[in-house]
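At position 144 of the sequence shown the residue is numbered 144 (the UniProt record's numbering), and the sequence of numbers has no breaks. Idealized CB from N, CA, C, for every residue including glycine.
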Amino acid sequence: MNWDQLELDPRILAAVRRAKLKSVREVLCVSGLDLQRLTGLSCSDIRQLLTAAATACRRHPPIPALLLHRGECCRLGSGFRLSVGCPLLDKLLRGGLPVGGITELSGESGSGKTQLALQLCLCAQYPTQYGGLNSGAVYICTEDSFPIRRLQQLIREQPCLRSDVPPSLISSLQFSDHIYIEHAADLDSLQVCLSRRVPLLLARGLVQLLVVDSVAALFRSEFQAADWLERNKQLLTFSSTLRHLSQEFTTPVLCINQVTNVFSGSDGSLGPLPSNVTPALGLAWANQVMVRLMMRRLQETVVRGEQSSALRRLEVVFAPHLPREGQDAAVWREGVRGVST
Ligand SMILES: Nc1ncnc2c1ncn2[C@@H]1O[C@H](COP(=O)(O)OP(=O)(O)OP(=O)(O)O)[C@@H](O)[C@H]1O
1 MNWDQLELDP
11 RILAAVRRAK
21 LKSVREVLCV
31 SGLDLQRLTG
41 LSCSDIRQLL
51 TAAATACRRH
61 PPIPALLLHR
71 GECCRLGSGF
81 RLSVGCPLLD
91 KLLRGGLPVG
101 GITELSGESG
111 SGKTQLALQL
121 CLCAQYPTQY
131 GGLNSGAVYI
141 CTEDSFPIRR
151 LQQLIREQPC
161 LRSDVPPSLI
171 SSLQFSDHIY
181 IEHAADLDSL
191 QVCLSRRVPL
201 LLARGLVQLL
211 VVDSVAALFR
221 SEFQAADWLE
231 RNKQLLTFSS
241 TLRHLSQEFT
251 TPVLCINQVT
261 NVFSGSDGSL
271 GPLPSNVTPA
281 LGLAWANQVM
291 VRLMMRRLQE
301 TVVRGEQSSA
311 LRRLEVVFAP
321 HLPREGQDAA
331 VWREGVRGVS
341 T
């Protein structure tokens, strides 16, 4: 990319040339103050320069983050969100999972993370007017085997979960043909999968949702506590690959994460409190996540006809476009559904 491609005042371009900055990208690697010193330009000139350089370096139009706040993009079928397949949970998420960023779903074992991830793999296959993405999903298992029987049950029960979709449309979708299952037992195979197979599936339009179940497993098993620096480096490589894929293909990325106990006393002597848990992998990972959701399993039980389920609560921990709210939910034969209280 050369300087003439930047839509800038010739005076600014001349100053940049005089400063002998080698490339447009280099502009983005220098602080605003240094740019001012090197070019002798004013603060507002530097702002224009940085905006033009950032726009030129962006290969795809940005996800209209501000639009996420507006009504038109919060509707199902807007193409900016992937519906979870349940009106109450979609309401919590203002339409569903955003495309173009990493959504983390953390929670204790048995809280229902995998159930929700499987449900999303089916939701992705619906046309956009039903909150889907009209495409398949790739599901990377790092720890457990893929729950194929449960997926088959969820497929059979789709007419019950998706009463908003015409039954003829549901029966025309070959759900299981559009879920690509990958197994990555170590970090090397995960990186190969993310750098070779997943981009191919995305580029061919075969999938539009990426699920990693789970991120913590590999990073916990491959590194000792003393290797934290190396672990953080690997985490950043992994997360930047995910973010790149998400932005390049405008695809939602769902990462399932485990939780660790938070100790109540400063010396940890009191031991963990039952509900005091925090997502695993610490700040290095948290900084890469756009939306953090937490699924909690509560003490109560909900009964529906002959079925009963432990009550869950899906909570928004942080998200640029969502308030910190939660929604009670339960796992039924047909999937995860909000429970109105
Ligand atoms: N067919 C089903 N009908 C009703 N509920 C089910 C069904 N299958 C699973 N569940 C519920 O989902 C729970 C398991 O959820 P899930 O596998 O998503 O947990 P998880 O949060 O992914 O846990 P882990 O971190 O151990 O993988 C079960 O304990 C059960 O309550």
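Screening all residues for a C-beta within a distance smaller than 5 Å of any heavy atom in ligand 1 leaves S109, G110, S111, G112, K113, T114, Q115, V331 and R333, in chain order.
By the criterion of a C-beta distance shorter than 6 Å, V331 is surrounded in its chain by G112, Q115 and S309, once the five residues flanking it on both sides are discounted. Classified as buried, S106 has 16 or more neighbouring CB atoms from the shown chains inside 10 Å of its CB. N232: member of the alpha helix (DSSP H) spanning W228 to E248, first to last residue. The residues L38 and T39, in chain order, have a CB closer than 6 Å to that of A19 in the same chain once the five nearest residues on each side in sequence are set aside. If only complete runs of 4 or more residues are kept, the stretch 25-51 shows the alpha helix (DSSP H) at 32-39, in order along the chain.
When C-beta atoms of the stretch 279-288 are compared with those of the stretch 231-247, three or more pairs fall below 8 Å, so the two segments count as touching.
Residue state for C86 is assigned as coil, using DSSP reduced to three classes. Within a 10 Å sphere around the beta-carbon of Q307 sit fewer than 16 other beta-carbons, which makes this residue exposed. Under the three-state reduction of DSSP output, F318 falls in the strand class. Note that the C-beta distance between I148 and F175 is not below 7 Å. G326 carries a strand assignment under DSSP once its states are collapsed to helix, strand and coil. Around the beta-carbon of H321, 16 or more other beta-carbon atoms lie within 10 Å, marking it buried.
With 16 or more neighbouring CB atoms inside 10 Å of its own CB, A217 falls in the buried class.
When C-alpha distances from I140 are compared across R197, A203 and Q152, the shortest belongs to R197. The shortest CA-to-CA distance from S221 to any of R81, R243 and Q258 is the one to Q258.
Within the same chain, and ignoring the five residues on either side of E108 in sequence, the residues whose Cβ sits closer than 7 Å to its Cβ are V259, V277 and R297.
For C255, the enclosing beta strand (DSSP E) stretches over residues P252 to N257. With respect to the 7 Å criterion, V253 and L210 are classified as neighbours on the basis of their beta carbons. Relative to L187, the option among R25, T128 and S214 whose CA is nearest is S214. A direct Cα-to-Cα measurement between R47 and G32 gives close to 8 Å. Here the alpha carbon of L118 sits roughly 10 Å from the alpha carbon of A124. For Q299, the uninterrupted beta strand (DSSP E) segment begins and ends at V291 to R304. E325 sits exposed, since fewer than 16 C-beta atoms from the chains shown fall within 10 Å of its C-beta. Around the Cβ of V303, a 10 Å sphere holds fewer than 16 other Cβ atoms; the residue is exposed. For Q247, the CB contacts under 6 Å within the same chain, skipping 5 residues up- and downstream, are G100 in chain order. By the Cβ neighbour-count rule, L89 is buried, with 16 or more other Cβ atoms within 10 Å of its own.
In the displayed model, Q208 falls within a strand according to three-state DSSP.
Using a C-beta cut-off of 8 Å, the stretch 188-195 makes no contact with the stretch 153-168, since fewer than three inter-stretch Cβ pairs fall below that distance. Going by DSSP, T142 is part of no alpha helix (DSSP H) at all; its letter is neither H nor E. When beta bridges are read from the DSSP output, E334 appears opposite no residue.
In the assembly as shown, R11 is an exposed residue. Its beta-carbon has fewer than 16 other beta-carbons within 10 Å. Between the alpha carbons of C193 and L6 lies a distance of about 36 Å.
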